[in-house]
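Notes follow once the structure below has been shown.
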Amino acid sequence: MNVQMLPNDGRHPRAKLVASRVLIVLGVLGVGALGLLFPFPWDGRIWAELFNLAHAPAFCIVLLVVVGVQDPAAVGLGNWFQPVRHVTISNLLFTALFLVILGVAGEIGQGLVGRSSSLGDVLANTLGLLAACFFVLAMKSPGSKRSAPLAASVLVLIASSWSPLATIVDSLIQRQQMPLLSSLERDREIEIWHGLNSRLERTSIWSTDGDHCLMVTLRRARFSGATLVWPIPDWSEYRQFSFDIRNPGRVSQQITLKIQDELHKRSGFDPDDRFQKSFTVPAESELHIAIRLDEVSSLKNDRVMDLSAIHRVEWFTGQPEENSILLIDNVRLED
């Protein structure tokens, strides 16, 4: 690496100055690692998106701090404090690449501490570093040429933040629509569902509430279906859980419904520690299913399900015909 060391002007011994800046860099990297790896107790869709939202700004700030403690002028701080070296563009890119690698390692580490990791997080980290690089490039450019890289820095941060912000807004709308849990009327509502050996789509081919429903294209597997992974968790003020389901195929489908609360994982996922009920949807037919919540809360192992902390709701079938379809709509709670 081409490092341009500045002469010691007598204001501070070189070794002590470098050591203090190294400690600052290590401290910043330590805080970043803590943010990536600490198993925070907060859960829920909004919290998940707030963490996603933080990725790009956090990595942007880390790179600016690492560069700034070496060369304050490179981040627009002029001569606020004594520089250690002039950071060149090649130094900047090497540091950014190093932080990308650390970010990937952090995502791998998240899986080891029970936190979720994704390629989307790696992309957000990289976009944050790219925004910081554009900012440093702007600070190194003459005044008349700063506008373009500054605008690029801002646009990159906005682009990285758009999806988490949109999901946070959707989560707030989801809360306001209670007791409706899901009817697929919002574009981002599909995000609160996950497929189990299946493909999920938002479709308008059938509905009982609004214009859309969830289409589950089943695959031939031991189990195939759909899971509502981000329900509003507090059901304690309601009396009944209901939904509409349609089987447009020519073969009847036996569907099993499972509901579990946050405490279920402590049982080791014991089948007797969750609500489970099966029903048959005849061919080319639809059903309205309503289940009393006092039935849901009474578990086979004599534990009472915590209706204020519902974790997920699953619909699945066993060994379905390949590409057979189920339609689900109007999932709600009732007084």
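Take the sequence shown: its position 173, counting from 1, is numbered 206 in the numbering used here, and each next residue is one higher. Where is the CB? At the ideal position from N, CA and C, for every residue including glycine.
Starting from residue i, follow the beta strand (DSSP E) in both directions and report where the run begins and ends.
{"i": "T121", "result": "Where T121 is concerned, there is no enclosing beta strand (DSSP E), given that its DSSP letter is neither H nor E."}
{"i": "E319", "result": "S318 to R325"}
{"i": "D242", "result": "Premise fails: D242 is in no beta strand (DSSP E) and is neither H nor E."}
{"i": "S311", "result": "F308 to V314"}
{"i": "E367", "result": "I358 to E367"}
{"i": "W226", "result": "W226 to L229"}
{"i": "I288", "result": "Q286 to D294"}
{"i": "G258", "result": "S257 to L261"}
{"i": "S437", "result": "The question about residue 437 has no answer, for the chain in this structure spans 34 to 368."}
{"i": "E347", "result": "I343 to T350"}
Would residue i and residue j qualify as a contact pair, given that the criterion is a beta-carbon distance under 8 Å?
{"i": "A254", "j": "G282", "result": "no"}
{"i": "I225", "j": "F274", "result": "no"}
{"i": "A89", "j": "A157", "result": "yes"}
{"i": "F276", "j": "V364", "result": "yes"}
{"i": "V99", "j": "V61", "result": "yes"}
{"i": "E82", "j": "I201", "result": "yes"}
{"i": "L341", "j": "S231", "result": "Going by the sequence as given, residue 341 is Ser instead of Leu. In this structure, S231 does not lie closer than 8 Å to S341 by Cβ."}
{"i": "F114", "j": "P105", "result": "yes"}
Looking at the secondary structure, which residues open and close the alpha helix (DSSP H) in which residue i lies?
{"i": "K173", "result": "L152 to K173"}
{"i": "D203", "result": "S180 to Q209"}
{"i": "H88", "result": "R78 to G101"}
Can you tell me whether residue i is buried or exposed, with buried defined as 16 or more other CB within 10 angstroms of its CB?
{"i": "M34", "result": "The predicted model places M34 with a pLDDT of 40, which falls under 50 and marks its position as unreliable; any figure quoted below should be read in that light. Classification of M34: exposed, given that the 10 Å Cβ count is below 16."}
{"i": "Q25", "result": "The requested residue 25 is not part of the displayed model; the chain covers only 34 to 368."}
{"i": "I134", "result": "exposed"}
{"i": "L366", "result": "buried"}
{"i": "V36", "result": "Confidence is the limiting factor: at V36 the pLDDT is only 45, short of 50, which leaves the residue's position unreliable, though a coordinate-based value still follows. The residue in question, V36, is exposed, as its Cβ has fewer than 16 Cβ neighbours within 10 Å."}
{"i": "E161", "result": "Checking the displayed sequence, the identity of residue 161 turns out to be Gly instead of Glu. Looking at its Cβ environment, which holds 16 or more other Cβ atoms inside 10 Å, G161 is buried."}
{"i": "S193", "result": "buried"}
{"i": "W195", "result": "exposed"}
{"i": "A129", "result": "buried"}
{"i": "M38", "result": "Low confidence applies here, because M38 scores a pLDDT of 49, under 50, leaving its location unreliable and the question unanswered by this model."}
Compare the C-alpha of residue i against each of the options and name the closest.
{"i": "N124", "options": "L97, R148 and S311", "result": "L97"}
{"i": "R307", "options": "Y271, H321, I322 and H344", "result": "H344"}
{"i": "F131", "options": "T159, G144, Q115 and S215", "result": "T159"}
{"i": "V139", "options": "I122, I358, P72 and A171", "result": "The sequence given here has Gly at residue 139, not Val. Checking every option, the nearest Cα to that of G139 belongs to P72."}
{"i": "L360", "options": "G301, K291, S215 and A199", "result": "S215"}
{"i": "R299", "options": "D339, W263 and R148", "result": "D339"}
{"i": "I223", "options": "E234, N230 and L213", "result": "E234"}
{"i": "R336", "options": "V346, E355, F312 and D294", "result": "D294"}
{"i": "E319", "options": "L261, K178, V58 and R279", "result": "R279"}
{"i": "G68", "options": "H297, F302, G109 and V95", "result": "V95"}
{"i": "P264", "options": "G153, S240, E347 and A48", "result": "E347"}
Ordered along the chain, which non-local residues of its own chain (more than five positions away) have a Cβ less than 6 Å from that of residue i?
{"i": "D42", "result": "No answer about D42 holds up, because its pLDDT of 48 lies below 50 and its placement is not dependable."}
{"i": "Q352", "result": "none"}
{"i": "Q309", "result": "K291"}
{"i": "S204", "result": "R78 and I79"}
{"i": "H297", "result": "D306 and R307"}
Using C-beta distances below 7 Å, list every residue in its chain close to residue i, excluding the 5 sequence neighbours before and after it, in chain order.
{"i": "S174", "result": "P182"}
{"i": "L206", "result": "The sequence given here places Ile at residue 206; Leu does not occur at that position. These residues qualify, in order along the chain: R219."}
{"i": "G136", "result": "F92, V155 and N158"}
Can you find the residues in the same chain that come closer than 8 Å, C-beta to C-beta, to residue i, ignoring five residues on each side of it along the sequence?
{"i": "V51", "result": "V117"}
{"i": "P212", "result": "Y271, R365, L366, E367 and D368"}
{"i": "L251", "result": "N230, S231, S257, G258, T350, P353, E354, E355, N356, S357, I358 and L359"}
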